[in-house]
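Each remark here refers to the structure printed beneath this line.
In my numbering, the protein residues as written are 73 to 542.
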């Protein structure tokens, strides 16, 4: 099929290269009224490149299909899965994925190492700012307050032990409060460095750190020499190379200095842009489908499930149904009406047997995925399971004595070792990376059964027992 792309006229402009600087550290405090200063002369020119523009429009529109690997600055330094997740996160945050890549490059010194630790502001485990965006103690506190409200709590050590791909889940959570506000590269980096200044990215004279201030704002000025860019704040050798950046009495850090520093890392990442041919193509008999960019994951242990100060532990269906609605499906999607029973326990709850409708269930899942819709399914994970001592989900009209123990949402289809699998979002965990993990897979058997294990509990086997219709 002929592909048609309409191009707008562009001027090809150049960007002056800057020198590499070390990753920044930070502290946080309230902002104060700032004096006005004259913006320095600069020959830096920002530009759109026609090819880059077209690629970016393809990312935004979702064009290119499941086999594509997004081309991003610094893309050679990370995996295909990492790049895909960066694009998905950026769609949800309504920002440029290349800005996220540049920010993580600055924070990790271009290494994208999820365990990198700067040794400052150590916690009880002796870990300083850590990871892709250098999570600090306040960031950990915020994550626990907003996302870990039932039993589990996250620590810097947890983040340090994650893969880069898994840690991206928490990067998104930390940045989510700035959704729609990360319009400039400077604003994006401010969301990590000094969140209260987000929105000031187009104000070059705005003061972020200040030696004349008190508290964190003063200490942050001296802890972040990366941003000391006025002529009396650094030293050069005979070749013109900056070898030392230092503060001064009464010194300030302005938005233009932060913007200049993050732009350097963006520019350095351009030669590290990946090519799109380094991702494994889908080799399944059926088309590979990935709907993870459409479905917003949440844990069943969320604030709406807390009643009278006590967390409800039976909210897996209610939460899974919310995932369907996040993808644009109606309020009655995932209800019992017309559901397909694919497995049943016997009346004495001693054995699980497949029904004659397993093929029908798989065919319905396929038809919905191909329309771009996720599907809610019920699972049996323990024969004779009792929730708080009681059999749950019994449905005498369908001859079901109470087979289904749990609910999840199928968000994609792929293949592994010549076997078709269906990826699912697991709501039964507080851990964001486990809930969205790529290893949450239900494998298709020759008998049309669907079986698999969740990433957070590999010792538990799920069998799909019912398929709910949209």
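Here a beta-carbon is modelled for each residue, glycine too, at the ideal position from N, C-alpha and C. Since the structure is predicted, the reported quantities are computational estimates derived from the model, not experimental observations.
- Using a Cβ-Cβ distance cut-off of 8 angstroms, the stretch 282 to 293 and the stretch 242 to 256 are not in contact, since fewer than three pairs of beta carbons, one from each stretch, lie closer than that value.
- Checking the DSSP bridge columns, you'll see residue 415 partnered with 426.
- Comparing alpha carbon positions, the residue from 518, 462, 210 and 321 closest to residue 267 is 210.
- By the criterion of a C-beta distance shorter than 7 angstroms, residue 476 is surrounded in its chain by 450, 451, 452, 465, 537 and 538, once the five residues flanking it on both sides are discounted.
- Cα atoms of residue 194 and residue 496: separation of roughly 37 angstroms, rounded to the nearest angstrom.
- If you draw a straight line from the Cα of residue 385 to the Cα of residue 534, it comes to about 18 angstroms.
- Less than 8 angstroms divides the Cβ of residue 430 from the Cβ of residue 414.
- Following the DSSP letters along the chain, one finds residue 482 inside the beta strand (DSSP E) bounded by residues 478 to 488.
- A Cβ-Cβ distance of about 6 angstroms is found for the pair residue 371 and residue 501, placing them in contact under the 8 angstroms criterion.
- Remark: C-beta atoms of residue 455 and residue 424 approach each other more closely than 8 angstroms.
- For residue 401, the secondary structure class from DSSP, reduced to helix, strand or coil, is coil.
- DSSP links residue 459 through a beta bridge to 462.
- Residue burial is scored here from C-beta neighbours: residue 228 has at least 16 other C-beta atoms within 10 angstroms and is therefore classed as buried.
- By the C-beta criterion, the stretch 164 to 177 is judged to be in contact with the stretch 339 to 353, since at least 3 inter-stretch pairs fall below 8 angstroms.
- Here residue 226 is actually not in contact with residue 240; their C-beta atoms are around 14 angstroms apart, not less than 8 angstroms.
- The alpha-carbon separation between residue 524 and residue 224 amounts to approximately 24 angstroms.
- Secondary structure at residue 452: strand, using DSSP grouped into helix, strand and coil.
- By the Cβ-count criterion, residue 540 is buried, with 16 or more other Cβ atoms from all chains shown falling within 10 Å of its own Cβ.
- Annotated three-state conformation of residue 248 is helix, per DSSP.
- The DSSP-derived three-state label of residue 159 is helix.
- Listed in chain order, the alpha helix (DSSP H) elements of length 4 or more contained wholly in the stretch 180 to 234 are 209 to 219 and 228 to 232.
- When C-beta atoms of the stretch 437 to 444 are compared with those of the stretch 468 to 485, three or more pairs fall below 8 angstroms, so the two segments count as touching.
- For residue 467, the secondary structure class from DSSP, reduced to helix, strand or coil, is strand.
- Contact check for residue 153 and residue 237: beta-carbon distance about 5 angstroms, within the 8 angstroms limit, so the pair qualifies.
- Rounded to the nearest whole angstrom, the CA to CA distance from residue 459 to residue 421 is 14 angstroms.
- The beta-carbon distance between residue 447 and residue 399, rounded to whole angstroms, is 10 angstroms. This is too long to meet the 8 angstroms contact definition.
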